[in-house]
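Per the numbering used here, the sequence shown starts with residue 924, numbered consecutively.
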Amino acid sequence: PVLRHQLRQLYDIQLPETVDLQKTSLEDIHADIARQIKLTEPGVELRLQSKPQIELIHQKAVQHLHHFQRRRARQRSAMPLV
924 PVLRHQLRQL YDIQLPETVD LQKTSLEDIH ADIARQIKLT EPGVELRLQS KPQIELIHQK
984 AVQHLHHFQR RRARQRSAMP LV
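Next comes the structure, spelled out in structure tokens:
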């Protein structure tokens, strides 16, 4: 409800309160929102992402792994030898 209200107030974009995905496809919803955006903000483009961006997800996972490894190496080097 908050996003729907904000988009209506700021950009006059009307979102439905609920969506029945058995009756309405995501492509139809996307087309309707894209049409409304073009009317109010012609420089903004809305893209439908039907597949996850695996490369981006992989990059983030590798980045998290590297951060973990660096933290772990610092913790080990800070430990006193017994």
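C-beta: ideal position from N, C-alpha, C; glycine also.
In terms of CA proximity to Glu940, His928 leads the group His928, Arg970, Gln992, Lys946.
When secondary structure is reduced to three states using DSSP, Gln937 falls in the coil class, being assigned neither helix nor strand. Judged by DSSP in its simplified three-state form, Thr963 adopts helix.
The closest CA to that of Leu969, considering only Pro975, Ile980, Ala957, Ile977, is found on Ala957.
Contact between Leu971 and Glu950 is confirmed by a C-beta separation of about 7 angstroms, below the 8 angstroms threshold. If you draw a 10 Å sphere on the C-beta of Ile936, you find 16 or more other C-beta atoms in it, and that means buried. Contact between Ile977 and Val967 does not hold, since their C-beta atoms are separated by about 26 angstroms, which reaches or exceeds 8 angstroms. For Leu988, the enclosing alpha helix (DSSP H) begins and ends at 977-1001.
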